[in-house]
Structures are given as structure tokens and as C-alpha cells.
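Notes to accompany the following structure.
2 protein chains.
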Amino acid sequence: MSNIIVAQSGGPTVAINASLVGVIKGAKKSGKFDKIYGALHGINGVISENFIELQGLDEDKLSCIYSSPACYLGSCRYKMPPVDEDTKLYEKVFEILERYDISSVFYIGGNDSMDTITKLSVYGERRGSDIRFAGVPKTIDNDLIQIDHTPGYGSAAKFIAQSMLEIAYDTAIYEVPCVTIVEIMGRNAGWLTAAAALARNEYSQIPQLIYLPEIAFDIDRFISDVEELLKVTNNVVVAVSEGIKDSSGAYLSAQTAANDKFGHAQLSGAGKCLEMAVKSRLKIKCRSVELNILQRAAAHAASKTDLDEAQMLGEKAVSYALEGNSGFMPILKRVPGDVYSCIYEMGKLSEIANKEKNVPREWINEAGNDVTQDMIDYVQPLILGEVKIEYKNGLPSYMEIPHLVTSRN
Amino acid sequence: MSNIIVAQSGGPTVAINASLVGVIKGAKKSGKFDKIYGALHGINGVISENFIELQGLDEDKLSCIYSSPACYLGSCRYKMPPVDEDTKLYEKVFEILERYDISSVFYIGGNDSMDTITKLSVYGERRGSDIRFAGVPKTIDNDLIQIDHTPGYGSAAKFIAQSMLEIAYDTAIYEVPCVTIVEIMGRNAGWLTAAAALARNEYSQIPQLIYLPEIAFDIDRFISDVEELLKVTNNVVVAVSEGIKDSSGAYLSAQTAANDKFGHAQLSGAGKCLEMAVKSRLKIKCRSVELNILQRAAAHAASKTDLDEAQMLGEKAVSYALEGNSGFMPILKRVPGDVYSCIYEMGKLSEIANKEKNVPREWINEAGNDVTQDMIDYVQPLILGEVKIEYKNGLPSYMEIPHLVTSRN
């Protein structure tokens, strides 16, 4: 019996631990492996042999990890150098993998992480190694290609829509005109911001305006969009991506460099920038709200569809590897039809890494200030289902954090 | 049989609707009233006779309103002028109350709202009216006197502690030093910010630093507090009240006025201000997170203890009024002992309105950068219990919004 290694990398999502649980469960179920090593802090944990053993985690612990935020194993932002640039490093990694009798490596992450695991896979092939390398997808940004949607996106979309719904109630109570700008994550892709449209219901059309980074942002058009709405309502709520750019490609947020008291330039975010524009041009009450890191951390409000798919992708990664595959990432393919369902297939890592998927132009309205029904139909099923969270003393009872023990946090 | 009026006023909380449900249920149970009028947008709705009838709401609807955010009846920021300044306005209000055969008025709100209902009560007494006036307390700020804690505070405290816990997980994943500043509501009182301490558990001491507006803020001390922590951990998380002031009483946030591209001065918040200070002085990664209006709007994460007490305060207001009382606010008194419980009594509105309750000095540590166990013991029971929320299409199924119909939102 051989062993496997699993690691997590990149920014956290609330689904990344469900994928970890999927890998662990898949490996245990197969009965083909002796030890399941978790490398702490991504590839860094492999290079420094910073491993913990995961095969002993019981059902209760796995269930708690499944629904806990961020990364059970910690993360890293380290990107492996090109294969030909530092062969010594790759040699070192393979020497470690062989010494630990590793037959498969599972790397859970987003775009940069897929790059790392692709490089390892390429080097392994060149070396004639039979170790198998699999990427397991996650990113709230939903910008990986080939996969219908990425784990983490559904839960973030659910939190965004839910927050927008609660903001709709909160902002609706007064009779005086007011504009609220809600800034949502997404530097290049508008998937998260588009999900704000799910907050609309029979009582409210909030957010009435949605601006994605896929469309060049025109501040004059924006002001006139808001003005038009103020003719028919007192309460205008705008969803805006942090990554909106003007027609020259410059981030809107970078247009408002300001000096702090220590003499250093700082950048305002897109939301703050639009807040200032509304206040100064329309002379009415305006506030901006940045959903910030809760978008990717609010595990208490996760989508069950999302976590279940994330777990299944982890399990599938193990079974595809056991079938002899390497250099792949398990993907979700949506089955056409009225009822949402997905099938699981394999994508080639070499085709996926370092590519980016944007919201298609036809899912954004002509005016560039809203999304279409197609976009809403795409994201709606991904937020379905709530995850049962255990509470203790009034707060979610999340997992222990083993990676902290080693890094003195 | 006479009628009653109930209204909501001031900023929203997630508990203000539970108090409304308490008034409605109390009134229905008593069998003493014919109609239960809801005035839309607070006292403005009384003055403009903008009423809806509430006695027909069934159990299902009341249960949905109980757990919905913001104000079923809308709100206002209007403060009644002094009684002697505009007797015509008061005459008008009493003429309306009499015409609608109102025997009791219930006004759900915070400090400013207690001022309004106090004035009506004073004027009524002078007029020899037998209409009874009751304030029903709510404010996330927890700054009303006489009452052990205010409805809305427990739910906001729970959301803040939960968010802090999720931020603790999110920020712990990397091995590089990073400081995170979390800005929490509270201009004058630190109750909300203090609740962040509840996030600490056996795995994490986050937030390691807590700064309340009750203590003069010293930015040099703050920087050295952070520096000390960075010697033993990579991940420093700070909870800071939006209202921190320096020793001259100036809001820290006002120290960093910056010019936007339109040439208008704008103020950075306290969190942003500290973020800039850490970046410029310590040259390390730092980000700020503003919990913003979700603190008072996130009904999906409400405290059951809070909502149940809010409802009971509404019911008590009705029964005290039926006993012949006026000019009062029902209050909670905590029963001393190891097990949390409260009894309900009456407070005098004239003694409560326009006064403010701060966190006592002895509940803040000597250094002024944390809270004591007494503070934690005070707030801990207030966040207990979760409220069952119905979900539809992946989102909370909140109440309809009747006040929107009248204001064209």
C-alpha cells in the first residue's frame, strides 16, 4: 500500500475544506492507501516536509471540517518556478515524495495552484515518475475554464445575495432619498457581483444597478443611471465589482489616490469612489458597503449544493487517480434541462492552468448596467440548500486549526 | 373597545420586528382592542394618518415578521419639537389619536425615539388625556440606561463575534505576517466592539486587541501594541470601534481627511485610518474590514435570546399600559446568579430618554486595549440560541414590506 499527499493553496473559500474531506473520504473508501498526509501551507509544506496524518480523522471531525471556513491545512501563495529554471527544487520535491512512498498528490486551489500542480505533473512525466498529480478546483471567483462553476462560488454567491437582500430591507425604511453602493469581490471577472441579482424578489428590485468588470465603466453614465432611478424611488442600491475599469483599462479605484496623514498615497476602493461621486454630483445621502472577506469566509451561510459538489470533486479526484490518470482536474459539467444537475468528468490541467473565464457579454444587458436572466438562471441553483452548523455558546463550532500549531499564531 | 397604534423609529435592528410582533400578540391576547394600527414611518405616519391595520396578521405572517430584518412599518429620523415650541403639532397629533379612538401608543425605538414618546406623554398629561404612551426599547448600540441590555444588541453582538471568528479562520492560513483591522459600529459606546471578544476560543485569541471609544485612543500605543504581538504571532487581528477618539476628543477618523478627484474632502473611517498607520509605520501587510450595516441587518444570524426578549418587551408594554400606566418603557433586569435570566419591570421614560450608557471603565483592561472577563460574562448569554429561518430558492424568506407600497420604492 502506498501513501498520498493532499494540500490546500491560494485564497480561502468556505468550500475548500469540503474538497479536503472528499479526498480523505475517497482515499479511505478505496482501501488502497496506508497514510493520507496533509502538507501544511500548500507546496511549502511538501518542500519542508511539514506533514500531518489525516487518515485517523473520524466521521465527526470530518463533518466539522466539511463545514468550516478557510483551510484546515493552511495555505500559501507560493508559485513554483518554471520547470527548467530550478530543476533542483523539483528534484527535491520528487525525492521527498518518493521517500514518503507517495503515489498521488492532490492540490486543492485556484488558478495559481493549478499552475503549481501542472508543473509538478510535467516534471514527473519528464522524470518518468509514476506519481499522479491532480488539481482539485476551488475559487470564489469562478474564473476557471472547462468547469461549469468552481467550488466556493456558490457559497460566496449565496452570502452576497443574502447580504444584498438584508441591505435591501435595511435601506428601504426611510422616506428620504439615499444611494447605497455595495462593493463585491472580483478583480477581473464579474461572477460574484452578478450574483447580487438573486436578491431581487416580489417586494424589491434591489440591486437596481449592477456593474461588472467585463464592461468598461463610465462614471457619467453611472451618475445618469442613478439619477433616472431617483425619479421613481428613494432607495437606490448598486452592486459594483471591485474590479471595474474605465475604457482605458484603469481601475476606477486607482483614480482616487489620496494622501494619508503620514504622507503615503493610498487607494480608495471602487465603492468608496462611487460614493464620493454620488455625494459630490447629486448632493444626496450615499454610503458604500464593502462585503470584504466575509464573502469567502462566512461558512455559517454556505450553500449545501456548493459544499456537496466540492466534496464530490475531492472524491472523484481520488478515483480518477486510482484509474491511473495524472495531470488532470475533475470538473463539473451541467446537464442541460430544467432541473439542475451536474456530471463529473476530467479536464486536462495543462489546458486549464493560467486561463480565465469571464461573464459572457450576452449575459450582461445592452446598457452594461445589469445582468440578464441567463446569468440569473446560471447562478440560481448554485446557492440552493443550507448547511447544518453546530453551535456552541452561541457561535458556530468550527474545526480545530492544526496548521496554527506549527506557525505559532 | 378602543384601538391602539404602534410604530417603529430610528435605525433598524434585527429585533425591532420581534417587538412589533410582541405588541400585536399582546394586544390580540388581551382581547381589549378592536383595531391595531401600524403607523408607517414612525411619528410621521401618525401625523400624516398613514396607517395600516395589523390585527388581521395570522400566526405564519407574525412568525415571518418576527425573524425579518429592519422595520415592517418603515422608520423615520424625525424628532418631535419641544412641547412648548409647536403646540399646534401636538394638538394635531392628539386630535388624530382621538379621532381614531386610540387608547395606547407604542413607539419602538432607541434614544431619539424615547424622546419623541416622552414628549407625547408629557403633552398628554398636560392636556388631561387618558391616552397611554409607551416606549419599547431597541438599539444595537446598547446605550439606553436602566435596562440591562437593549433588544438588537444581542443579535448584533452575535453577528460581530461570528464574523470575527470567521475572519480569525480566514486570516490564519498564511505564514506571512499580516494585520487585520475590523471596524465595528458604535460612535460613543463600545458595547458592540467589546462583543468581538466572544470569538476567542481554545484555538485562537483573535481579536488580540480591542479598542473602545470609552478610552482615549493613542496611535503610538496602538502601533507598539501591534509590534509586540508580531513578535509572537504572524496574524494580528484588531477590533476597533468606529468612534475611537484621541485624548482631545477628536474622532480618529477625522484626522485623515483626503481629497477625492472631485475636490471634496472626505473622511476615512477609523479602520482605514489604522490600516494606513500600520502599513506606513510597520511596513507590513495590513487590511481593514468594516462590518458596516450587516451588523444590524443580518437577521439570518440573529440571537434567539435577543428576539424572544424583544418580543416579550412588546407584550409587556401592552400589559403595563392595560394596567393604566403611561410614560414608561418596559425594561429587562438581570437576575444575579450563574444561570442567565431576566425579569421584566417598568422604567420611567422621563428618566431614560436622552441619556447614554457606556461600557464601565472596570470592564476595560488597565492598558485600554482589551475588555475584561466581566464584560465577556455580561454579553455571552445575550448571543445564545439560533432563530429558525425559512429559506426559499436558497435565500431567507423574509416578510413582505408594506411600507414600500406607500413610498414607491
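Chains as they are written, first to last, in my numbering: chain Y, 485 to 893; chain L, 485 to 893. C-beta atoms are modelled at their ideal positions from N, C-alpha and C, and glycine is treated no differently. It should be emphasised that the depicted structure is a prediction, and the values quoted were computed from it without experimental measurement.
So with Cβ pairs under 7 Å, would you call residue i a contact of chain Y?
i: G878 (chain L); result: yes
i: D654 (chain L); result: yes
i: Y862 (chain L); result: no
i: K788 (chain L); result: no
i: G558 (chain L); result: yes
i: E659 (chain L); result: yes
i: L778 (chain L); result: yes
i: E840 (chain L); result: no
i: I527 (chain L); result: no
First and last residue of the beta strand (DSSP E) that includes residue i?
i: Y695 (chain Y); result: L693 to Y695
i: N487 (chain Y); result: S486 to Q492
i: A616 (chain Y); result: Looking at the sequence shown, residue 616 (chain Y) is not Ala but Arg. R616 (chain Y) -> beta strand (DSSP E) spans R616 to P621.
i: A523 (chain Y); result: F517 to A523
i: N719 (chain L); result: N719 to S725
i: C662 (chain Y); result: C662 to I668
i: K817 (chain L); result: F812 to R818
i: Y828 (chain L); result: C826 to K832
i: I536 (chain Y); result: F535 to E537
i: G593 (chain Y); result: I586 to G593
Could you pull the start and end residues of the alpha helix (DSSP H) that residue i belongs to?
i: R771 (chain Y); result: It is not in any alpha helix (DSSP H) - R771 (chain Y) instead sits in the beta strand (DSSP E) that spans K769 to E774.
i: S708 (chain L); result: I703 to L714
i: K513 (chain Y); result: I500 to S514
i: C904 (chain L); result: The requested residue 904 (chain L) is not part of the displayed model; chain L covers only 485 to 893.
i: K563 (chain L); result: From DSSP, K563 (chain L) is part of no alpha helix (DSSP H); its letter is neither H nor E.
i: E582 (chain L); result: T571 to R583
i: K788 (chain Y); result: K788 to L806
i: I873 (chain L); result: Premise fails: I873 (chain L) is in no alpha helix (DSSP H) and is neither H nor E.
i: Q689 (chain Y); result: Per DSSP, Q689 (chain Y) belongs to no alpha helix (DSSP H) and is neither H nor E.
Which residues in chain Y have a C-beta closer than 8 Å to the C-beta of residue i? List them in chain order.
i: H633 (chain L); result: Correct list: empty, because the minimum Cβ distance to chain Y is about 14 Å.
So with CB distances below 7 Å, who are the chain Y contacts of residue i?
i: A782 (chain L); result: E650
Using 7 Å as the limit for Cβ to Cβ distance, is residue i near chain L?
i: E496 (chain Y); result: It should be pointed out that residue 496 (chain Y) corresponds to Pro in this sequence rather than to Glu. Taking Cβ atoms only, chain L reaches closer than 7 Å to P496 (chain Y), which makes this a yes.
i: Y687 (chain Y); result: yes
i: Y695 (chain Y); result: no
i: K519 (chain Y); result: no
i: K642 (chain Y); result: yes
So which residues on chain L does residue i lean against when the C-beta distance must stay under 7 Å?
i: Q692 (chain Y); result: Those do not exist, as Q692 (chain Y) stays about 10 Å from chain L at its closest Cβ, beyond 7 Å.
i: A645 (chain Y); result: L879
i: K715 (chain Y); result: What K715 (chain Y) touches in chain L: nothing, since even the nearest Cβ is about 10 Å away.
i: E884 (chain Y); result: Y687
Give me, in chain order, the residues of the same chain whose beta-carbon lies closer than 8 Å to that of residue i; leave out the 5 immediate sequence neighbours on both sides.
i: D599 (chain Y); result: K563, M564, A837 and N838
i: D632 (chain L); result: I815, L816, K817, R818 and C826
i: N528 (chain Y); result: N534, C560 and Y562
What residues of chain L sit near residue i, judged by a beta carbon separation below 8 Å?
i: P553 (chain Y); result: E650, Y653 and D654
i: A785 (chain Y); result: H784 and A785
i: Y875 (chain Y); result: E870
Any heavy atom of the ligand PLP closer than 6 Å to the beta-carbon of residue i?
i: Q857 (chain L); result: Because no ligand of any kind appears in the structure shown, any question about the ligand PLP cannot be addressed here.
What residues in its chain sit with their C-beta under 6 Å from that of residue i, if we drop five residues either side in the sequence?
i: Q492 (chain L); result: I500, C555, L557, S559 and I592
i: P886 (chain L); result: I536
i: G619 (chain L); result: Y591, M598, I601, M813 and L833
i: P880 (chain Y); result: H784 and I873
Leaving out the 5 sequence neighbours to the left and right, which residues in its chain are closer than 7 Å to residue i when beta-carbon positions are compared?
i: E659 (chain L); result: N718
i: K519 (chain L); result: N487, E537 and Q539
i: I728 (chain Y); result: Y695, P697, F701, L736 and A754
i: S552 (chain L); result: N501, A783, Y882 and M883
i: G831 (chain Y); result: Q630, I631, F812, M813 and I815
Applying a beta-carbon distance threshold of less than 9 Å, which residues of chain Y neighbour residue i?
i: R928 (chain L); result: The displayed coordinates of chain L run from 485 to 893. Any statement about residue 928 (chain L) would go beyond what the structure contains.
Of all the residues that make up the region 845-873 of chain Y, which are near chain L by a beta-carbon distance shorter than 9 Å? Q864, P865, L866, I867, L868, G869, E870 and I873
Closer than 7 Å, Cβ to any Cβ of chain L: which residues of the region 766-777 of chain Y, in chain order? V773, E774, N776 and I777
In the region 669-688 of chain Y, which residues sit with their C-beta less than 9 Å from some C-beta in chain L, listed in chain order? L682, A683, N685, E686, Y687 and S688
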